[in-house]
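Novice: Pasting a structure below so you can have a look.
Protein chains: 2
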Amino acid sequence: MTDQLSRVFAALADPTRRDMVARLSEGDHTVNDLAAPYDVSLQAVSKHLKVLEDAGLVTRTREAQRRPVHLEAEVFDLMTKWIERYRQQAEERFARLDAVLARMQDDDNPSYTEKEGTAS
Amino acid sequence: MTDQLSRVFAALADPTRRDMVARLSEGDHTVNDLAAPYDVSLQAVSKHLKVLEDAGLVTRTREAQRRPVHLEAEVFDLMTKWIERYRQQAEERFARLDAVLARMQDDDNPSYTEKEGTAS
DNA sequence: CGCGTTGTCAACCATCTGGTTGAACAACCT
DNA sequence: AGGTTGTTCAACCAGATGGTTGACAACGCG
Numbered sequence: 001m002t003d004q005l006s007r008v009f010a011a012l013a014d015p016t017r018r019d020m021v022a023r024l025s026e027g028d029h030t031v032n033d034l035a036a037p038y039d040v041s042l043q044a045v046s047k048h049l050k051v052l053e054d055a056g057l058v059t060r061t062r063e064a065q066r067r068p069v070h071l072e073a074e075v076f077d078l079m080t081k082w083i084e085r086y087r088q089q090a091e092e093r094f095a096r097l098d099a100v101l102a103r104m105q106d107d108d109n110p111s112y113t114e115k116e117g118t119a120s
Numbered sequence: 001m002t003d004q005l006s007r008v009f010a011a012l013a014d015p016t017r018r019d020m021v022a023r024l025s026e027g028d029h030t031v032n033d034l035a036a037p038y039d040v041s042l043q044a045v046s047k048h049l050k051v052l053e054d055a056g057l058v059t060r061t062r063e064a065q066r067r068p069v070h071l072e073a074e075v076f077d078l079m080t081k082w083i084e085r086y087r088q089q090a091e092e093r094f095a096r097l098d099a100v101l102a103r104m105q106d107d108d109n110p111s112y113t114e115k116e117g118t119a120s
C-alpha cells in the first residue's frame with residue numbers, strides 16, 4: 001500500500017475517520033476537540049489522525065501547545081479523477097452495448113417474428 | 001466495517017483490486033482471464049473478487065462453466081456523493097476564510113502598518 | 001461415463017489494523 | 001522549578017487482510 005491513492009482510500013474506509021473528515025470540512029479542530037464525540041482513547045484518535053495525515057488528507061500545524069488539524073481538500077481530486085475515469089468508461093461501454101443490442105434486435109427480428117421471441 | 005461505503009473504500013484501497021476494476025470497465029472478464037496478469041494464485045484473485053462483490057462493485061453471473069465478472073458502475077456514485085459533499089463544504093469554507101482574512105486585513109492594517117506585520 | 005476446465009472452499013500463516021494502557025514530551029502558567 | 005494541559009510514543013493484544021496450498025464442486029466434451 002505504498003501509493004497515495006491506496007492510502008487515501010484506506011484512510012476513508014474507516015467510519016470514524018470519515019466522520020472526522022466530515023467535521024474538519026467545517027473548520028479546523030484540535031485533537032482533543034476531535035476526540036470528544038468518540039468513545040475511544042485520545043491515543044486512538046491520534047493514530048487515526050496519523051493515518052489521515054499519511055494519506056495527505058490533513059495537515060497539522062503547531063500553535064502554542066495545541067496542534068490544530070486542517071483538512072486538505074485537494075487530495076479528494078485524486079480519488080474523484082480515478083473514479084470518474086472508470087465510471088465514464090463503464091458508462092460508455094453500456095452505451096455501446098445498448099447500441100449493439102439494438103442492432104441485433106433489428107437484424108434478428110425478421111427470423112423471430114414467426115415465433116414469440118420478441119417478448120422482453 | 002458494516003456499511004457499504006466503508007466496504008467500497010476498503011475494496012479500492014488495494015492496487016490489484018483497483019486494476020481489476022480498471023480492466024472490468026472495458027468489459028466483462030472471467031476469473032482466469034482477470035487473474036492472468038497478476039503474479040498471485042487464482043484463489044487469491046477469487047478472494048479479491050469476493051471483496052469487490054461484497055462492496056457491490058461487481059456481480060458474477062453463471063454462463064456455462066464460466067463465471068463472468070461484471071462491473072456495477074452505480075456504486076461509484078455513493079463515493080462521489082460523499083466526496084463531493086465534503087470537498088464542496090471545505091471549499092466554501094476556504095472562500096469564507098478568504099473573505100474573513102480580507103476583512104481582517106482591511107480592519108487591522110492601520111495598526112499593523114507601524115510594524116512589518118503585513119509580510120506574507 | 002470419465003475427464004479436463006473453471007472456479008470456490010477450507011485451513012493455515014505472516015503482517016496490518018484499531019484498540020488498549022502507561023510513560024514521555026512540549027508548551028504554557030504560575 | 002513545578003504543575004497543568006495537550007499530544008504523541010511504546011508495547012501489547014485481538015481480529016482482519018492478503019497470501020499460500022490442497023481438496024472438491026460444477027459444467028461441457030469426447
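Chains B and L are the protein sequences, given in the same order. Residue numbers for the first sequence follow the UniProt record's numbering, so the first one is 1 and each next one is one higher. Residue numbers for the second sequence follow the UniProt record's numbering, so the first one is 1 and each next one is one higher. Quick reminder that beta carbons are idealized off the backbone N, C-alpha and C, glycines included. Remember, it's a predicted structure, so these values are computed and weren't measured experimentally.
(1) What first and last residue would you give for the alpha helix (DSSP H) that runs through H29(B)?
(2) Cβ of G27(B) less than 8 Å from any chain L Cβ?
(3) Check whether the Cβ of residue 186(L) lies closer than 8 Å to any Cβ atom in chain B.
(4) I need the straight-line Cα distance from D77(L) to E26(B), nearest angstrom please.
(5) Establish whether the CB of residue 127(B) and some CB of chain L are separated by less than 8 Å.
(6) List the residues that DSSP assigns as beta-bridge partners of L71(B).
(7) So, at 8 Å on beta carbons, what are the nonlocal neighbours of residue 200(B) in its own chain, with the 5 sequence-adjacent residues on each side left out?
(8) Using a Cβ-Cβ cutoff of less than 7 Å, which residues in the same chain neighbour S46(B) once the five nearest sequence positions on both sides are dropped?
(9) Report the neighbours of A13(L) on chain B: residues whose CB is nearer than 9 Å to its CB, in chain order.
(10) Is the segment 39-56 of chain L close to the segment 86-93 of chain L, with three or more CB pairs under 8 Å?
(11) Along the chain, where does the alpha helix (DSSP H) that runs through R7(L) open and close?
(12) How long is the line joining the alpha carbons of R87(B) and R18(L), rounded to whole angstroms?
(13) Give me the Cα-Cα distance between M20(L) and H48(B), rounded to the nearest whole angstrom.
(14) Establish whether the CB of A44(L) and some CB of chain B are separated by less than 8 Å.
(15) Taking buried to mean at least 16 other C-beta atoms within 10 Å of its own C-beta, is A73(B) buried or exposed?
(16) Label R85(B) either buried or exposed according to how many other C-beta atoms from any shown protein chain fall within 10 Å of its C-beta, with 16 as the threshold for buried.
(17) Looking at T2(L) and Y38(L), is the spacing between their C-beta atoms short of 8 Å?
(18) Counting C-beta neighbours from all protein chains within 10 Å, is the total for A11(L) 16 or more, i.e. buried, or is it exposed?
(19) Since I believe V51(B) is in contact with V8(B) (beta carbons under 8 Å), could you give me their beta-carbon distance rounded to a whole number of angstroms?
(20) Could you tell me if A35(L) is buried or exposed, where buried requires 16 or more neighbouring beta carbons within 10 angstroms of its beta carbon?
Specialist: Answer, in terms of the structure:
(1) Here residue 29(B) is taken as the residue at index 29 of the first sequence, counted from 1. Careful: H29(B) lies outside any alpha helix (DSSP H) and carries neither H nor E.
(2) As a first step, residue 27(B) is located in the first sequence; it is residue number 27 there, counting from the start. Closer than 8 Å: yes.
(3) The shown model of chain L, from 1 to 120, leaves out residue 186(L), and the question about it has no answer.
(4) In the second sequence, counting from the first residue as 1, residue 77(L) sits at position 77. In the first sequence, counting from the first residue as 1, residue 26(B) sits at position 26. Those two C-alpha atoms are separated by around 23 Å.
(5) With chain B covering 1 to 120 only, the question about residue 127(B) has no answer from this structure.
(6) For the purposes of this step, residue 71(B) is identified with residue 71 of the first sequence, where counting begins at 1. According to DSSP, L71(B) bridges with V58(B).
(7) Within the shown structure, residues of chain B are numbered from 1 to 120, placing residue 200(B) beyond reach of any answer.
(8) Counted from its first residue, the first sequence places residue 46(B) at position 46. Answer for S46(B): V31, listed in chain order.
(9) Start at 1 with the first residue of the second sequence, and residue 13(L) comes out as number 13. Per Cβ cutoff of 9 Å: M1, L5, S6, R7, V8, F9, A10, A11, L12, A13.
(10) Under the Cβ criterion (8 Å, minimum of three pairs), the segment 39-56 of chain L does not count as touching the segment 86-93 of chain L.
(11) Working through the second sequence from its first residue, we reach residue 7(L) at position 7. Start and end: 4-12.
(12) The sequence position of residue 87(B) within the first sequence is 87, counting from 1. The sequence position of residue 18(L) within the second sequence is 18, counting from 1. Answer to the nearest angstrom: the Cα atoms are 12 Å apart.
(13) Taking the second sequence and counting its residues from 1, the one referred to as residue 20(L) is at position 20. Taking the first sequence and counting its residues from 1, the one referred to as residue 48(B) is at position 48. Spanning the two alpha carbons is a distance of roughly 28 Å.
(14) In the second sequence, residue 44(L) corresponds to position 44, counting from 1. No, its Cβ sits nowhere closer than 8 Å to a Cβ of chain B.
(15) What you label residue 73(B) is simply residue 73 of the first sequence in a count that begins at 1. When all chains shown are included, A73(B) counts as buried.
(16) Residue mapping note: residue 85(B) aligns to position 85 of the first sequence, counting from 1. It counts as exposed.
(17) Counting from one through the second sequence, the residue named residue 38(L) turns up at place 38. Counting from one through the second sequence, the residue named residue 2(L) turns up at place 2. No.
(18) Here residue 11(L) refers to the residue found at position 11 of the second sequence. Buried, because 16 or more other Cβ atoms sit within 10 Å of the Cβ of A11(L).
(19) Residue numbering aside, residue 8(B) sits at position 8 when the first sequence is read from its first letter. Residue numbering aside, residue 51(B) sits at position 51 when the first sequence is read from its first letter. Incorrect: roughly 10 Å between the Cβ atoms, too far for contact.
(20) Translated into the one-based positions of the second sequence, residue 35(L) becomes position 35. Looking at its Cβ environment, which holds 16 or more other Cβ atoms inside 10 Å, A35(L) is buried.
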